Every structure is written in C-alpha cells, then in structure tokens.
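Numbers 285 to 592, taken from my numbering, label the letters of the sequence shown in order. Every residue, glycine too, gets a C-beta built ideally from N, C-alpha and C. Values in this document were obtained by computation on a predicted structure and should not be read as measured data.
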Amino acid sequence: MKNELRIFCPATIANISCGFDVLGVALDSVGDEMVIRKISKKGVFITTLEGQELPMETDKNVAGVAGMAFLAASDYKGGFEIEIYKKIKAGSGIGSSAASSTGAVWAMNELLDRPFTTLQLVEFAMEGEKLASGVAHADNVAPALFGGFTLVRSYEPLDIIPINTPSELVATVIHPQIEIKTSDSRKILKTNITLKDGIKQWGNLGGLVAGLFTEDYDLIGRSLEDHIVEPIRSILIPGFKEVKAGALGAGALGCGISGSGPSIFAFSKGKDTAEKVAQAMKEVYQKIGIAHDVHISKINNVGIRILK
Ligand code: HSE
C-alpha cells in the first residue's frame, strides 16, 4: 500500500444561481495540488503551504481541521503530513477552502484503503468549511468529492444527489482581483424571503436539475436565475451587471455569481462559445480597469484525482 499521494483538488462553483447552499459543480482545469503522507506520529501536520498566505497551524487550517475530523472518526493509530500547493486564490469564490479540506480527507481515506464512504468524507470536509466561513455548507465540498454536479437534498440528515453532466457544457469563470470573504458575504443576506421569490427560485432549481439530466441546454439557460442572493451580493462585485450582459450577449446559456463571489461564472454549450464569452467578460474589466483571471473549463466528473 502507498504511503503518500500527490493529488489534484478541483475548484468548484457553488450555488449555480438558483441553488444557494445546495448546488455545486467541479471544474477540470483549475485546482490545487496537495501531497498527503502517512506518518507514525498521531496527528495532522501541515508541513508545506505555498501559493497563498494561510495559517499552517492544524486547528487554524481548513485541511488540518477536516483531517482531524477524519482522524477522530478513524481507528488508525498514526497520523498524516500535508503539503498544500495553492493555485486557487482564497476569497475568490471558486471553492479554495473546499479544495484543501476535501483533498486532505480524500487522500487520507485512499491511504487507509477507504474506511469511509464519500458521504462521510463530505461531513469531515464540512468542518473545514465551518472554520472558513462560520457555516458548514456542503455545496463546494460535495462536487469536489463526488465530481460533476451535486445537489445537497438535505443537510440533516446529509443527503447528496449526484446530477448528470451534459456532455457539451463548458464553464467560463472570471475572477476580478478583489477578495470577498464568504463569512462577510453571508452576513449581508436576508434571513427571510417572500413566498413570491421562493416560488420563482424553486421553479428554477427544479428546471435546472431537469435540464441537466435531460441535457436540455435551453432549459438550463432559462433556469439560471437567482431572485434571492444575486440581487444583494452583486452589489459587492464591480461591473457585475455589465459582465453578465456581456456573457449573455456572447451566447452564454446563463451567468451568475460563483459561490460567494467575486468570481462570476457562465455556462455555454461548447468550447467555442465559452471562449467568446470569456472574451466578452474580459473586455468589461479591461474597459473599467480591473485586474482579473479567466478560466475556461470542462466539467470535472471525477472530482479529486491522483497525479503521477
Ligand atoms: N453557498 C456558499 C455561499 C458557497 O454562497 O455562501 C460559498 O462558496
């Protein structure tokens, strides 16, 4: 059996417009790398952290906290060392904390010959999310672990439903270089919604899930609307309206805030359209002078994977 694994931990888009805290999807071309190593000393130790300024103390690091939750539930007598090579920027809205916490517990599970189910790994990784944002949401960690699109049908008890990925769906994500902490962008949300908004939102959520399963791209596009969170959070994102209008004008099926922002995602049918959409989004930020990164990515249907 192996003693260490080098893995790719995917970035994820949470919420996907109409599914606040319940929908998410894993990306293929953006993610972190991690090395997880079995050691005889009990405990979880972060030995390397490159690419971002983040705490290395086990109890302050999302991978450390998720790893400790794994260890507490396991009868393994030893421990683990973790090396983290961040490529996803913290506070970018594409699941930076989820990549680290899921990577840790997924690799630990592999190294011990899979004592836990994927659903149990989601629960351990949610401890990392709780540390990062104050809330143990699963809409980034579930797609990172299961791959593809996932729906958190219920939190208590935890019930995750994997959803089909339409074969031609491509994501474009633009990240304006500002940082928005998930905890801050959750604080500004209202805790009550009107019945009228609820009706629109669950109509769209049902439509989006149906569209993903039947590969009905028009239905996916019609359903990518958010009447509850986007109107509030978009205020924090410079040029949001213009970027969205640009993406839709270039042929995107739909466009919205990625997770808690500031990244903005769009879905397109096919890579050519996704590239035109990226160009249109970039032009908006070039015009108003905001530094940005753009990613064009297929949907990642396997989640975390081992690197050679
Ligand atoms: N559902 C979470 C939120 C995702 O929007 O706050 C954070 O990435």
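- Is Gly482 near the ligand HSE, judged by its Cβ being under 7 Å from some heavy atom? no
- Task: May I ask which residues mark the beginning and end of the beta strand (DSSP E) holding Leu333?
- Result: 327-334
- Rounded to whole angstroms, how far is the Cβ of Leu537 from the Cβ of Ser301, which I believe are closer than 8 Å? Actually they are not in contact, since the Cβ atoms of Leu537 and Ser301 sit about 11 Å apart, beyond 8 Å.
- Message: Quick check: does the Cβ of His511 come within less than 7 Å of any heavy atom belonging to the ligand PLP?
- Response: Among the ligands in the structure shown, the ligand PLP does not appear; only the ligand HSE can be found there.
- Query: Under three-state DSSP, which class holds Thr620?
  - Reply: As displayed, the chain neither begins before 285 nor continues past 592, which places residue 620 out of reach and without an answer.
- Write down every uninterrupted run of the alpha helix (DSSP H) in the segment 295-355 whose length is 4 residues or greater and which is fully enclosed by it, in chain order. none
- Taking C-alpha atoms, which residue in Leu532, Gly303, Ser547 lies nearest to Thr594? Because the chain is modelled from 285 through 592, residue 594 falls outside the range shown and cannot be assessed.
- Task: Please name the residue in Ala420, Ile291, Val314, Phe292 whose C-alpha comes closest to that of Ile458.
- Result: By alpha-carbon distance to Ile458, the top candidate from Ala420, Ile291, Val314, Phe292 is Val314.
- Message: Is Ser544 a contact residue of the ligand HSE, with contact defined as CB to any heavy atom under 7 Å?
- Response: True, at least one ligand heavy atom lies under 7 Å from that Cβ.
- Task: Please confirm whether any heavy atom of the ligand HSE lies closer than 7 Å to the CB of Phe304.
- Result: yes
- Query: Could you give the C-beta distance for Phe354 and Val389, rounded to a whole number, given that I count them as a contact under 8 Å?
  - Reply: 5 Å
- Sort Asn299, Glu499, Thr456 by Cα distance to Trp486 and report the nearest one. Between Trp486 and the set Asn299, Glu499, Thr456, the nearest pair of CA atoms involves Asn299.
- Message: Given 7 Å as the limit, tell me if Thr466 has its C-beta closer than that to any heavy atom belonging to the ligand HSE.
- Response: yes
- Take Ala295 and list the residues in its own chain whose beta-carbon comes closer than 7 Å to its own, dropping the five residues that flank it on each side. Cβ neighbours of Ala295 beyond the five flanking positions: Leu311, Val314, Gly315, Ile372, Ile378, Gly379, Ala383.
- Task: Could you round the C-beta distance between Gly530 and Ala564 to whole angstroms and report it? I think they count as a contact, below 8 Å.
- Result: 4 Å
- Query: What's the gap between the Cα of Ala420 and the Cα of Leu442?
  - Reply: 11 Å
- Within 7 Å: the Cβ of His579 and any heavy atom of the ligand HSE? no
- With hydrogens ignored, establish whether the beta-carbon of Ile316 is closer than 7 Å to any heavy atom of the ligand HSE. The amino acid occupying residue 316 in the given sequence is Asp; Ile does not appear at that position. For Asp316, the shortest separation between its Cβ and any heavy atom of the ligand HSE does not lie below 7 Å.
- Is any heavy atom in the ligand HSE found nearer than 7 Å to the beta carbon of Arg437? No, the beta carbon of Arg437 sits no closer than 7 Å to any heavy atom of the ligand HSE.
- Do you know how far the Cα of Ser469 is from the Cα of Asp397? Each residue's alpha carbon lies about 39 Å from the other.
- Pro460 and Ile574 closer than 8 Å at C-beta: yes
- Quick one: give me the first and last residue of the beta strand (DSSP E) that Ser552 is part of. 548-553
- Query: Taking just the CA atoms, how far does Phe549 sit from Asn585?
  - Reply: 18 Å
- Task: Specify whether the segment 340-358 and the segment 405-418 touch according to this definition: at least 3 beta carbon pairs, one from each stretch, less than 8 Å apart.
- Result: yes
- Task: Compute every distance between the C-beta of His576 and the non-hydrogen atoms of the ligand HSE, then say whether any falls below 7 Å.
- Result: no
- Can you find a heavy atom of the ligand HSE that lies under 7 Å from the Cβ of Gly327? No; taking the cut-off as 7 Å, the Cβ of Gly327 has no heavy atom of the ligand HSE nearer than that.
- Have a look at Leu503 and Glu367 and give me their C-alpha separation to the nearest angstrom. 42 Å
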